[in-house]
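Have a look at the structure below, then the notes.
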Amino acid sequence: MAMRLTAREMLERLVAFPSVSRDSNLPIIDFIEEYLASHGVVAHRVYDATGTKANLYANVGPEVEGGVILSGHTDVVPVDGQDWDSDPFTVTERDGRLYGRGTCDMKGFDALALCAVPLALERGLKRPLQIAMSYDEEVGCVGAPSMIEAMAIFLPRASAAIIGEPSMMQVVTGHKGGTGFATHIKGFEVHSSLQHTGVSAVHEAARLIEWANQKNAESAAATPDPVAAMFDPPWTNAHVGTIQGGTANNITAGDCRFVMGFRCVPTDDPADWRNAYIARVREVEAAMQAVQPGTAIHLEPIFDVPGLRPEEDGVAEELARRLTGDNGTHVVSYGTEAGQFQAAGYSAVICGPGNIEQAHQANEFISIEQFKAGEDFIARLIDQLTKE
1006 MAMRLTAREM LERLVAFPSV SRDSNLPIID FIEEYLASHG VVAHRVYDAT GTKANLYANV
1066 GPEVEGGVIL SGHTDVVPVD GQDWDSDPFT VTERDGRLYG RGTCDMKGFD ALALCAVPLA
1126 LERGLKRPLQ IAMSYDEEVG CVGAPSMIEA MAIFLPRASA AIIGEPSMMQ VVTGHKGGTG
1186 FATHIKGFEV HSSLQHTGVS AVHEAARLIE WANQKNAESA AATPDPVAAM FDPPWTNAHV
1246 GTIQGGTANN ITAGDCRFVM GFRCVPTDDP ADWRNAYIAR VREVEAAMQA VQPGTAIHLE
1306 PIFDVPGLRP EEDGVAEELA RRLTGDNGTH VVSYGTEAGQ FQAAGYSAVI CGPGNIEQAH
1366 QANEFISIEQ FKAGEDFIAR LIDQLTKE
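Just so we're aligned, residue 1006 is where the sequence shown starts under this note's numbering, counting upward by one.
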């Protein structure tokens, strides 16, 4: 029997799954697959290496090329330590807003995309609607690439991908990319009075962080290219958010760990930044080993997200502008799965309900007005796919 849910009911069902990135998302994937199956739509999964997480994708309508992908992620960020006024995993309405973890980022869009399925089937599509739901977007967009690869192989090629991250229903055509390394410095402990005979992992970390400061200053002083100039700031920046190391004030630190991350404008190649960082790391490591041969710096790549470049005569942009009426120029400095779809050859844009400023916070919400605007957008999209 077909599962019929309003957009609000669907949002309530999705938010009720505490699909925090650190945990399995299979319960929410099970529900989505069951929902699609109730409408006669066959869903396909792409699991992670552990088998505890999965992407899901499906083709709704005719098996022909030229369809439109509605893409969202199923994971949300934790609520630990946040002071919520209501249960974060229960949608609560107050003052024209729907509160709950993921209402804005981005189960609101997911709910609208799923509710589009029965509408699309009833209307009779000329071109397909494709649903794409990923895992682990919030920890570096690590789930989507395997899903996108499978879709390109097994589904009719779509002409456009709409990634529904919260953009206030504005058409966002560019975003920065990101790449980063977990950095572990292994020093050599001695009493701090004999510092010259040891190697402080904390001090060596400071050399790498100062390198990041210098690179940021150089980038800020340079003249940005036209694409980079669209962003704030208009350059690639290097950043360390947290650092841990050392055991006592009078011992040179034996270990230090941090993540060096880069947010790259779309016209910068992340590989160039990765190579520059690796080169500086090896210089520092060589100087460390000249003092104590057993010291080392270990690097582990932890995320690599391509930027989204504004497309010339992009199909996705043209479609989204036609459906929204938005003709403004919009780019964002955070990364999304849109860059991954574009890197795989899809025309891609970001367009979804809600304000990114509400994401990841206590009392996250989406306004009812924005939720309705997203619902109207999806209805207009279905109308397009039934006429063309």
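Each residue gets a CB set at the ideal place from its N, CA and C atoms; glycine is no exception. Keep in mind the model is a prediction, meaning the values are calculated, not measured.
A direct Cα-Cα distance of roughly 14 Å separates Ala1116 from Ile1167. When the beta-carbon positions are compared, Leu1386 and Val1176 stay at least 9 Å from each other. Annotation: the continuous alpha helix (DSSP H) that includes Ser1043 extends over 1031 to 1043. Burial state of Met1006 is exposed, judged by a 10 Å Cβ sphere holding fewer than 16 other Cβ atoms. In this structure the stretch 1358 to 1367 does not touch the stretch 1312 to 1330; the number of beta carbon pairs closer than 8 Å is below three. Annotation for Phe1193: Gly1203, Val1204, Gln1297, Thr1300 place their beta carbon closer than 6 Å to its own, counting only its chain and skipping 5 residues before and after.
The secondary-structure analysis by DSSP pairs Arg1162 with nothing; it has no beta-bridge partner.
Arg1314 has its alpha-carbon roughly 29 Å from the corresponding atom of Arg1285. Spatial neighbours of Asp1141 in its own chain (CB-CB distance under 7 Å, excluding positions within 5 residues in sequence) are listed in chain order as Ser1026, Lys1058, Asp1080, Val1147, Gly1148.
Rounded to whole angstroms, the separation of the alpha carbons of Lys1220 and Thr1334 is 28 Å. Counting every other CB atom within 10 Å of its CB across the protein chains shown gives Asn1060 a total of 16 or more, marking it as buried.
With distances taken between CA atoms, Ile1214 lies nearest to Ile1190 out of Met1235, Ile1190, Asp1331, Arg1013. Residue pairing of Glu1142 in beta bridges, as defined by DSSP: absent, with no partner found. Under the DSSP definition of a beta bridge, Asn1360 lacks any partner. Note that the stretch 1063 to 1077 touches the stretch 1112 to 1132; at least 3 beta-carbon pairs, one per stretch, sit closer than 8 Å.
Relative to Gly1113, the option among Lys1392, Thr1391, Gln1375 whose CA is nearest is Gln1375.
Just measuring C-alpha positions, the residue of Leu1019, Glu1070, Val1046, Leu1199 sitting nearest Glu1127 is Val1046. By a beta-carbon distance limit of 8 Å, Thr1272 does not contact Asp1309. Their separation comes to about 17 Å. DSSP places Thr1247 in the uninterrupted beta strand (DSSP E) bounded by 1242 to 1250. A direct Cα-Cα distance of roughly 11 Å separates Val1082 from Glu1369.
In its chain, beyond the 5 residues on either side, Pro1171, Gly1359, Gln1363, Ala1364, Glu1369, Ile1371 have a beta carbon closer than 6 Å to the beta carbon of Cys1109.
Taken atom to atom, the span from the alpha-carbon of Ala1295 to that of His1208 is near 15 Å. In the DSSP assignment, Lys1112 is bridged to no other residue. Under the three-state reduction of DSSP, Leu1010 is assigned to coil, being neither helix nor strand.
For the pair Ser1151 and Thr1097, the Cα-to-Cα distance works out to about 35 Å. Here DSSP, grouped into helix, strand and coil, assigns Asp1309 to strand. Between the C-alpha atoms of Asp1092 and Val1065 there is a straight-line separation of about 34 Å.
Rounded to the nearest whole angstrom, the C-alpha separation of Ala1321 and His1180 is 15 Å. Listed in chain order, the beta strand (DSSP E) runs fully inside the stretch 1207 to 1245 amount to none, counting runs of at least 3 residues. By the CB criterion at 9 Å, Asp1274 and Ser1338 fall outside the cutoff. Residue burial annotation: Val1354 is buried, with at least 16 other C-beta atoms found within 10 angstroms of its C-beta. Bridge pairing for Phe1370: Tyr1104 [DSSP].
About 5 Å separates the beta carbons of Tyr1062 and Met1156, which is inside the 8 Å limit, making them a contact pair. Secondary structure note for Leu1061: its beta strand (DSSP E) is the uninterrupted segment 1059 to 1065. The continuous beta strand (DSSP E) containing Leu1075 extends over residues 1073 to 1078.
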